[in-house]
Every structure is written in C-alpha cells, then in structure tokens.
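Here's the structure, in structure tokens; my notes come after.
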Amino acid sequence: MTGRRPTRSTFLRGPRGRSRATRTGALSAGALVACASFAAGCGIVPGATGGSGDDPITVMTWAPQDTGATNKPGMPAFAQAYARWINDRGGLGGRELNVLTCNDHNDGIAAAKCARRAVKENAVAVVGSYSQHADSFFPVLEGAGIPYIGGYGITNTEFTSPLSYPVNGGQPALLAGLGSTLADSCGPVTLVRPDTIAGDQLPALLDSGLTAGGHERAEDQRAAEDATEYDGQSEQALESTTTDPAEPGCVVPVLGDRTGTFMDSFRRAREDYPEVGTASVLGSVDQTTINASGGASGPYEGAYVTGWYPAVNDPAWDAMKKVIKAESFGDNDVDAADAGVQTTWIAYTVFKAAVESLGDGEVSADTLTRSLDDGLRIDTGGLTPPLRWKFQDKLASVGFPRLVNAEVTLQVVRQGRLVSAREGAVDTTRTLQNADVA
Numbered sequence: 348m349t350g351r352r353p354t355r356s357t358f359l360r361g362p363r364g365r366s367r368a369t370r371t372g373a374l375s376a377g378a379l380v381a382c383a384s385f386a387a388g389c390g391i392v393p394g395a396t397g398g399s400g401d402d403p404i405t406v407m408t409w410a411p412q413d414t415g416a417t418n419k420p421g422m423p424a425f426a427q428a429y430a431r432w433i434n435d436r437g438g439l440g441g442r443e444l445n446v447l448t449c450n451d452h453n454d455g456i457a458a459a460k461c462a463r464r465a466v467k468e469n470a471v472a473v474v475g476s477y478s479q480h481a482d483s484f485f486p487v488l489e490g491a492g493i494p495y496i497g498g499y500g501i502t503n504t505e506f507t508s509p510l511s512y513p514v515n516g517g518q519p520a521l522l523a524g525l526g527s528t529l530a531d532s533c534g535p536v537t538l539v540r541p542d543t544i545a546g547d548q549l550p551a552l553l554d555s556g557l558t559a560g561g562h563e564r565a566e567d568q569r570a571a572e573d574a575t576e577y578d579g580q581s582e583q584a585l586e587s588t589t590t591d592p593a594e595p596g597c598v599v600p601v602l603g604d605r606t607g608t609f610m611d612s613f614r615r616a617r618e619d620y621p622e623v624g625t626a627s628v629l630g631s632v633d634q635t636t637i638n639a640s641g642g643a644s645g646p647y648e649g650a651y652v653t654g655w656y657p658a659v660n661d662p663a664w665d666a667m668k669k670v671i672k673a674e675s676f677g678d679n680d681v682d683a684a685d686a687g688v689q690t691t692w693i694a695y696t697v698f699k700a701a702v703e704s705l706g707d708g709e710v711s712a713d714t715l716t717r718s719l720d721d722g723l724r725i726d727t728g729g730l731t732p733p734l735r736w737k738f739q740d741k742l743a744s745v746g747f748p749r750l751v752n753a754e755v756t757l758q759v760v761r762q763g764r765l766v767s768a769r770e771g772a773v774d775t776t777r778t779l780q781n782a783d784v785a
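For what it's worth, the working numbering labels the leading residue of the sequence shown as 348, then goes sequentially.
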C-alpha cells in the first residue's frame with residue numbers, strides 16, 4: 348500500500364473462499380477437445396505438418412507493438428532469441444525451430460491476420476503470445492486445429508477454448524488474489540480498468556476476492572486504454588475511496604501500459620485528498636514501470652502487486668536468464684522481469700516438452716494437441732505447479748475449464764524494488780469458484 352498510514356498485519360492473510368459454483372461452463376470442453384483431436388471427423392481442417400523427419404518445426408508468437416495502448420514487444424523478441432538458443436544446441440530432437448512473429452496492433456482485424464498467417468505458414472502452434480482479441484483469432488486457430496500454448500491470459504476465452512493451454516491463471520487469478528488481499532485492509536475499493544471488452548471481464552474477478560473476504564464490491568471505473576492523461580479519472584477514484592476518513596480506501600489501476608500514465612496523474616491529484624492505498628497486478632506494474640516513475644520516491648512505493656510467478660531474483664529463472672544473456676544481451680525489449688517474457692519462456696518450455704514427448708514421430712498441430720490432451724504432465728522447474736490439461740478442470744463450473752494453474756504470488760514495492768511480500772504462492776481456485784462471470 349502507498350501512503351503514510353501503517354499497514355495492518357492482517358493484510359497478508361491468504362484468500363478465503365467458499366466452494367460454491369455460480370454457473371456452468373459455457374461450452375462442453377470434452378466434446379470440443381475430442382473434435383480438435385479428431386479433426387477430420389468433425390469437419391475441421393487439421394493443422395499442417397511442421398516437423399516431419401528433419402523438417403523445421405514452425406510456430407508463431409504474436410503481441411502488440413508500437414501502439415498507443417499496451418505493448419508487449421519482449422514476447423516475440425524473446426521467442427526469436429529462444430529459437431536461436433535452441434537451434435545452436437541442435438534444435439528440438441534434431442529439428443530446427445522456426446519462430447514466426449506477428450504484430451497484432453491491439454486490433455481485432457490484425458489479430459485475425461496473424462492467425463491466418465499462422466495457418467498459411469503451416470505453424471504447428473502459437474506459443475507465448477498476447478492479444479486482447481480472442482474473438483478474432485481463436486476461430487481461425489480452432490478451424491485449423493492449431494493449439495494456443497501459453498497465452499498471456501488476458502481474455503476469458505483463453506480459459507475456455509479446447510485448443511488453449513494456458514500456463515498461468517491470467518487476469519482471473521491475479522484479480523481474485525488481489526481482491527482477497529485487499530479485503531482485510533482497505534476501506535472502499537475502486538477498480539480503474541480499460542473501457543474494452545477485455546476490461547469488462549475484470550470487475551467480477553476482483554469482486555470475487557473482495558466478497559470472499561467479507562468486503563463490499565469495488566467501484567467499477569472505466570477509462571480509455573490509450574489516454575495521454577487521467578486527471579479526471581484520478582479525481583473520481585479519489586472521491587470514491589476517501590468517503591470515510593476512518594477507513595482509507597484503495598485505488599486499483601489495471602490499465603496495462605497506461606497504468607504508469609494513470610499513476611502520474613494520480614500522484615498529482617492525491618495531494619488534495621486524504622491518503623489512500625494503491626495496488627495492481629503484474630503486467631500493469633513491473634520493475635521497469637517502477638524505475639521510470641522514480642523508484643522509491645515514486646507513486647508505487649508500498650503498493651502491493653499480484654503476480655503469477657516467483658520474483659525475478661528466484662533461482663528458478665536462471666535458465667531463462669542464460670538464454671537472455673546469450674541471445675538478447677543489450678536488447679531492451681527483452682527484460683527478465685517482464686511478465687510477458689516470463690510467460691513466453693514457460694510457454695516454450697511446455698512446447699519443448701510436448702515435442703519431446705512425440706519422440707521421432709510427426710510434429711503437427713494434431714499430434715501436439717493429442718499429446719497435451721492425453722495427460723502429459725509438464726514440469727516448469729518450480730516456476731508453476733506441474734501443468735496438465737484435462738477436458739474439464741476444477742474451474743469448469745464457472746466457465747474456466749482450461750484454467751489449471753490458479754496460483755498467484757504477492758509482491759510489494761519496497762525501496763523502489765518489487766520484492767516478495769509473502770512466502771510461496773496462494774491458490775485462488777476456491778475464490779474463483781465464487782466468481783460471477785456470467
């Protein structure tokens with residue numbers, strides 16, 4: 348939390364949830380997975396072969412770059428670095444890894460073009476990617492039977508599509524975990540989020556954690572995701588969180604790359620109001636953002652941030668850092684502390700394990716999908732729990748049948764550094780089972 352008021356020790360309590368399903372999943376994941384695995388029988392064109400014998404294995408990684416909203420250039424940049432690194436060591440089972448990259452421009456039409464290019468170029472998977480436009484690209488991938496491995500988790504569709512293999516709990520887990528944390532220490536809570544389709548999914552997720560802890564729902568405040576200043580939104584958030592001097596509130600900006608812009612406006616506006624706390628999620632706040640805002644003297648000092656993975660100084664990241672040092676040294680886009688880069692590393696770890704599980708057999712979209720659907724258990728070296736996707740997992744009842752890793756970590760900004768605030772991770776499964784995401 349930010350501000351001068353001492354933080355109560357109860358802030359670090361783990362999430363408290365009740366096991367209560369609020370609705371059934373929107374689709375029958377079992378039937379659709381079977382359809383994806385036996386594509387010809389369902390009238391779907393199978394994914395093209397991208398690695399028979401000694402042929403190269405082609406995949407794609409996409410993300411928005413050079414836009415006025417959220418950008419994730421580190422994801423495709425790291426994917427290409429990973430390909431160089433793996434190919435210098437003999438490739439995947441002796442086969443060259445060919446990584447295509449694409450800029451989705453934060454635009455639905457561009458995202459669909461990226462997906463169509465993946466089909467045209469015979470990609471066997473889309474790996475470690477970011478896009479808000481699931482409704483545009485997933486139909487294309489599903490029509491071709493191409494798996495989406497390790498997406499960033501920015502849309503709910505990533506946790507419903509039978510061809511999606513998420514490695515983290517996405518925005519659902521981050522916000523549910525953050526809500527559970529804030530329930531014990533905040534007065535009124537205001538969520539400042541993008542006025543987009545993806546943003547519309549966020550309030551119910553934060554509220555699931557807040558209400559599980561006996562707190563009222565957050566004030567839902569929409570904002571343009573590409574604004575150059577947020578003076579009006581900052582004042583509005585402060586008005587709604589300072590109604591009771593005895594119970595200082597909390598402002599939760601989740602605006603992707605524009606969170607820093609919001610906090611610049613917020614820092615100026617808060618001088619005229621009683622103190623409030625701030626909190627956010629990884630992806631909207633990272634070490635680079637904190638450094639750019641002034642470090643220990645900036646607006647994030649004391650703020651809590653939920654993330655999916657261990658802190659960047661954890662030894663579990665050493666292998667990824669070796670790849671960055673060998674292949675991306677000096678590339679400012681590739682930052683080991685960036686959640687997008689971290690997710691891409693884990694996604695390629697999953698992809699590598701799936702390819703290796705096929706031995707000398709054909710590597711295609713269809714064989715990869717069958718391997719992952721047949722219960723392949725993948726160890727990520729302690730960065731996540733062991734990953735395995737089933738037809739329907741624990742959160743199918745609330746519309747997230749593919750969400751298999753609901754763990755989150757809690758970090759805090761101390762002396763300008765993002766450090767662990769609590770040992771280990773917290774499983775948000777029970778909290779999400781109460782989420783009203785209909």
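The beta carbon of each residue, even a glycine, is placed where N, CA and C say it ideally should be.
- Query: Using a Cβ-Cβ cut-off of 7 Å (strictly less than) and excluding sequence neighbours within five positions of Ala545, which residues of its own chain qualify?
  - Reply: Gln479, Ile501 and Thr502
- Message: Taking 8 Å as the threshold (C-beta atoms), are Asp680 and Gly421 in contact?
- Response: yes
- For Arg442 and Thr648, the rounded distance between their alpha carbons: Here residue 648 is Glu; the residue named in the question, Thr, does not match the sequence. Cα to Cα, the separation comes out at about 47 Å.
- Mind checking whether Ala470 and Val755 have CB atoms under 8 Å apart? No, the Cβ-Cβ distance between Ala470 and Val755 is not below 8 Å.
- Enclosing beta strand (DSSP E) for Trp409 [first to last residue]: Membership of Trp409 in the beta strand (DSSP E) is indicated by the continuous run Ile404 to Ala410.
- Secondary structure, alpha helix (DSSP H): runs of 4+ residues fully inside the segment 593-652: As far as the segment 593-652 is concerned, its whole alpha helix (DSSP H) runs of at least 4 residues are 606-616 and 634-639.
- Item | Rounded separation between Phe425 and Thr414 - CA only | 19 Å
- When the Cα of Tyr695 is compared with those of Leu553, Ala430 and Asn418, which residue comes out closest? Ala430
- Task: Return the bridge partner residues of Ile496 from the DSSP annotation.
- Result: Val474 and Tyr512
- Through-space distance from Cys597 to Ser675, alpha-carbon basis: 38 Å
- Query: DSSP on Ile671, reduced to helix/strand/coil?
  - Reply: helix
- Message: For Ser704, list the residues DSSP reports as bridge partners.
- Response: Ser704 is not bridged to any residue.
- So what does DSSP say about Lys467, is it helix, strand or coil? helix
- Query: Is it buried or exposed for Gly390, if we count other Cβ within 10 angstroms and need 16 for buried?
  - Reply: Its pLDDT being 33, under 50, Gly390 is placed unreliably in this model, and the value from its coordinates should be taken loosely. Exposed: under 16 other Cβ atoms inside 10 Å.
- Task: Would you tell me roughly how many angstroms separate the C-alpha atoms of Thr776 and Ser744, rounded to the nearest one?
- Result: One C-alpha to the other measures close to 11 Å.
- Inspect the beta-carbon positions of Val652 and Val623 and report whether they are closer than 8 Å. no
- Can you tell me the Cα-Cα spacing of Ala551 and Ala458, whole angstroms? One C-alpha to the other measures close to 26 Å.
- Task: In angstroms with no decimal places, state the Cα-to-Cα distance between Ser511 and Tyr620.
- Result: 45 Å
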